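Colleague: Got a structure here, written out as structure tokens. Questions coming.
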Amino acid sequence: MSNESEILHVGIDLGTSRSAISASNGERFVVDSFVGWPADMVAKKVLKRDVLIGHEAVANRTMLDLHRPLERGLLKEGSEKDVEAVRELLKHLLRLVGVSSNGRTDASNVRAVVGVPAAALRTNKQYLRNSMKGIVDSLMIVSEPFAVAYGLNALLHTMIIDIGAGTTDFCVMKGRYPGEEDQRTLTVAGDSLDAQLLKLIEERYPQANVTVYMVREWKEKHSFVGEAPKRVLVTAPVKGVPTELDITNEMRAACETLVPPTVETMLDLLSRVEPEFQERVRNNIILSGGGGLIRNLSQTLETALKQVGGGKVTHMQDPVFVGSDGGLALALDAPDTDWEKLTA
Amino acid sequence: MKVMGGQIDRVKRQLLREAVTDNLDTIRGLPPRSLRSSRRIGHLFFRRAPLVIIPLMLASFAFLSNTGITSTRTPAVVVHPPAARHVEASVMPMLMTDTLEPVSASAFPLSVRRVVLDAGHGGTDPGASSISNVSEKEITLDIERRLGTLLRQNGFEVISTRENDRLIPLRERARLANGSHSDIFVSIHVNSIPHPVNHGVETYYLGPTNDPTLTKLAAAENGTSGYALADLRKLLDGVYADVRRDESQRLATAVQHQLFSGLRGVDPGLENWGVKRAPFIVLVATEMPAILAEVGCLSNEREAEMLRSGTYRQQIAQALFHGIHAYASANDAPQKKGT
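Chains as they are written, first to last, in the numbering used here: chain X, 845 to 1188; chain H, 52 to 390.
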């Protein structure tokens, strides 16, 4: 075991779209979950790097063998390249918070809590655990919405709805470690919204040249459900000419694809809460993840709650680090004796 | 959040320990807890439970003999404090070094064949009565008979704790139920509350888990002992008793759901008072999943009138039957297999 004074605790939210890290030395970083290797010798010469991560990888994607290793929030089993990509991503995150092989803090000093989708199977977790060997000293894997709840102290009679890119995770906190019956995972989330938006834009403007990366950026700026706050105008090349497109209706339609499954799952989980606690849970619903920033979404969910007696949905203003901060809180709270059992 | 800072810390410690256990299970390649075989659960239960059960039984016996037979109901606070103190004193040293894993009822593919029906009150104990002089003992017996008929027609065996207007002591009812090797115990009662306007249905099962009295008491005595409270609560859960409590809760949920949805149509003002926990003696002393259903309110004049009619009693019996049937069918359904 390494010297206690040098131990670095980290919480990591390993997301399909973005991964965030919060460390006990106060550092916090977020990167796009993209990993790319130069596609050929020319690319390698131009980029002067062996591997690119995050927005750098996205920006240079034409020269890269680009991987997004966490589809639907899970490591894709069987793809060695993806395992390697996750390892690169994790090493990159740890480097950002000051872990290096020759520095004061190396992998043998790191205790990490990593959040995964609520519905992750035991095999997924084992797989992730195996792929983290040598990168950290000790590892605890928890359900992502649980980490969020822990970080917010929302442990009793609350519901976390975490709308990420790959998955939308639901978790009802009943003061105990959430089991299968307390959690749900939907694959209707940010990515499916992007795909829908892209399809709708292509249908309306068949001449326009639009990529999923552009769509993702537009969504992050302009997403909404219900009444449009203002017209959504974006610029895209049409036959090579930059042209302004009105995508207000497409944006609404794409964002609203999240609503019915989210409402249904929310009400279903609520109905499984013991009757005397239902009202408290209804009034303590927390919307986190990037999808929580969709304008009017919390109000729309509150409207849906009216049919079961009304409730309150709060969305996190800054959802980026909620999960990783929660993981860090768990990492710091876990006693040494437990960490010693959780060697990676 | 309404929880106090200290309670948050305790909940956090428990959650953390459960998270660690879950990770250790992953490392060891164990299947998720809900899929484990019953052998493991039985093993855990038998290895650790006796230490807790013995003091608790002593407490319960003392309690039963003090209480006598005049009332079915007992305030929630009476039974727990002595039980909690006994348990605490004898179990703490063991708790410090060991953890008990929560037991999942889904590991037991139970099926329901034999049902004990308990018509509340009887003989010199009329129970509640209405202004128009209908008594609880009479209604419960009639509904019990109707329910018994429905159950027998559908292939269940039925044991009745009383078949006529007789006073049967509660201990005797529990003894009869336990001796009959039945699968579930359903006690039928009718409410009477101080508010003449409100009327509703509610279903009880035994369990102190979320009882603030127990939490507070144990917390005060274990303030500095780290995980002890969390483990104590788990152990008490074990006594009160792991599978039985979960099963009782499921039975109560199924019955309450059918009671409310089945009767709301004919009684539009009916309120759903939900599934609740309370230490009724018949529930404490019985050894099978047990519930107590309050199928109506004699304090509401209109409902008292309805409760006089055979049609409404039949509807209540049917709702109870549907609840029991739903619970039994869920238990008969194929269970998920562990690996």
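Glycine included, each C-beta is placed from N, C-alpha and C at the ideal position. These figures come from a predicted structure and were not determined experimentally.
Buried or exposed: residue 899 (chain X), going by 16 or more other Cβ atoms within 10 Å of its Cβ?
Modeller: exposed
Colleague: Give the range of the beta strand (DSSP E) segment to which residue 323 (chain H) is assigned.
Modeller: 322-328
Colleague: On the three-state DSSP scale, how would you describe residue 1065 (chain X)?
Modeller: helix
Colleague: Note down the Cα distance separating residue 303 (chain H) from residue 72 (chain H), rounded to an integer number of angstroms.
Modeller: Using only the alpha carbons, I get a separation of about 30 Å.
Colleague: Could you list the residues in the segment 359-380 of chain H with a C-beta less than 7 Å from some C-beta on chain X, going in chain order?
Modeller: none
Colleague: DSSP on residue 1138 (chain X), reduced to helix/strand/coil?
Modeller: If DSSP states are grouped into helix, strand and coil, residue 1138 (chain X) belongs with coil.
Colleague: So, at 7 Å on beta carbons, what are the nonlocal neighbours of residue 954 (chain X) in its own chain, with the 5 sequence-adjacent residues on each side left out?
Modeller: Excluding positions up to five away in sequence, the list reads 852, 854, 938, 943, 980, 981.
Colleague: If you measure from the beta carbon of residue 932 (chain X) to each beta carbon in chain H, is any gap under 8 Å?
Modeller: no
Colleague: Since residue 1103 (chain X) contacts residue 1091 (chain X) with CB under 8 Å, what's their CB separation in whole angstroms?
Modeller: Incorrect: roughly 18 Å between the Cβ atoms, too far for contact.
Colleague: Kindly say whether residue 1194 (chain X), judged by its beta-carbon, lies nearer than 8 Å to any beta-carbon of chain H.
Modeller: Outside the shown range of chain X, which is 845 to 1188, sits residue 1194 (chain X), and nothing can be said about it.
Colleague: List, from N- to C-terminal side, the beta strand (DSSP E) runs of 3 residues or more that fit wholly inside the segment 1023-1076 of chain X.
Modeller: Along the segment 1023-1076 of chain X, the beta strand (DSSP E) occurs as fully enclosed runs of 3 or more residues at 1027-1030, listed in sequence order.
Colleague: Strictly below 7 Å CB to CB, what residues from chain X border residue 74 (chain H)?
Modeller: 984, 985, 1186
Colleague: Where residue 1167 (chain X) and residue 1142 (chain X) are concerned, what is the direct C-alpha to C-alpha distance, given to the nearest angstrom?
Modeller: 19 Å
Colleague: Report yes or no: do three or more beta-carbon pairs, one from the segment 224-236 of chain H and one from the segment 162-174 of chain H, lie closer than 8 Å?
Modeller: yes
Colleague: State yes or no: is the beta carbon of residue 1053 (chain X) nearer than 8 Å to at least one beta carbon in chain H?
Modeller: no
Colleague: Residues of chain H with a CB under 8 Å from the CB of residue 1027 (chain X): which are they?
Modeller: Near residue 1027 (chain X) there are no residues of chain H at all, since even the closest Cβ is about 12 Å away, more than 8 Å.
Colleague: What does residue 869 (chain X) pair with, by DSSP beta-bridge criteria?
Modeller: Note: residue 869 (chain X) sits in no beta bridge, so no partner.
Colleague: State the Cα-Cα distance for the pair residue 187 (chain H) and residue 194 (chain H), rounded to the nearest angstrom.
Modeller: 11 Å
Colleague: Could you run through the segment 1017-1043 of chain X and flag, in chain order, every residue whose CB is less than 7 Å away from some CB of chain H?
Modeller: Those residues of the segment 1017-1043 of chain X placed with their C-beta closer than 7 Å to a C-beta in chain H are 1019, 1020, 1021, 1023, 1024, ordered along the chain.
Colleague: Under 8 Å between C-beta atoms, does residue 313 (chain H) make it to chain X?
Modeller: no
Colleague: Let me know the alpha helix (DSSP H) ranges lying completely inside the segment 955-1005 of chain X, each 4 residues or longer, listed in chain order.
Modeller: 966-975, 988-995
Colleague: Are residue 901 (chain X) and residue 880 (chain X) close, meaning C-beta to C-beta below 8 Å?
Modeller: yes
Colleague: To the nearest angstrom, report how far apart residue 208 (chain H) and residue 338 (chain H) are at their CA atoms.
Modeller: When rounded, the distance between both Cα atoms is 18 Å.
Colleague: In whole angstroms, give me the CA-to-CA distance for residue 326 (chain H) and residue 1151 (chain X).
Modeller: Distance from the CA of residue 326 (chain H) to the CA of residue 1151 (chain X), rounded to the nearest whole angstrom, comes to 21 Å.
Colleague: Is the separation between the beta-carbon of residue 1059 (chain X) and that of residue 1038 (chain X) shorter than 8 Å?
Modeller: Annotated as proximal: residue 1059 (chain X) and residue 1038 (chain X), with beta-carbon spacing under 8 Å.
Colleague: Contact defined as beta carbons within less than 8 Å: I believe residue 1011 (chain X) pairs with residue 1030 (chain X). What is the distance between those atoms, to the nearest angstrom?
Modeller: 7 Å
Colleague: I'd like to confirm something about residue 210 (chain H): is its beta-carbon nearer than 7 Å to some heavy atom of the ligand SAM, or not?
Modeller: As far as ligands go, the structure on display features none, and thus does not contain the ligand SAM.
Colleague: Pairing CB atoms from the segment 177-192 of chain H with CB atoms from the segment 238-252 of chain H, are three or more of them under 8 Å?
Modeller: yes
Colleague: If you run the structure through DSSP and keep just helix, strand and coil, what is residue 93 (chain H)?
Modeller: In this prediction, residue 93 (chain H) has a pLDDT of 39, which is less than 50 and means its spatial position is unreliable; what the coordinates show is noted afterwards. Residue 93 (chain H): helix per DSSP, three-state reduction.
Colleague: Shorter than 8 Å from the beta carbon of residue 997 (chain X) to some beta carbon of chain H?
Modeller: yes
Colleague: Excluding the 5 residues preceding and the 5 following residue 1097 (chain X) in the sequence, name in chain order all residues of the same chain whose CB lies nearer than 7 Å to its CB.
Modeller: Contacts found: 1044.
Colleague: Can you tell me whether residue 255 (chain H) is buried or exposed? The criterion is at least 16 other CB atoms within 10 Å of its CB, across all chains shown.
Modeller: buried
Colleague: Counting only C-beta atoms, is residue 1174 (chain X) closer than 8 Å to chain H at any point?
Modeller: Yes, because at least one Cβ of chain H sits closer than 8 Å to the Cβ of residue 1174 (chain X).
Colleague: On the DSSP bridge list, what partners appear for residue 165 (chain H)?
Modeller: H:208
Colleague: For residue 235 (chain H) and residue 64 (chain H), what's the separation of their Cα atoms in angstroms?
Modeller: 35 Å
Colleague: Once you ignore the five residues that flank residue 1026 (chain X) on each side, which residues in its own chain have a CB closer than 7 Å to its CB?
Modeller: 1015, 1016, 1018
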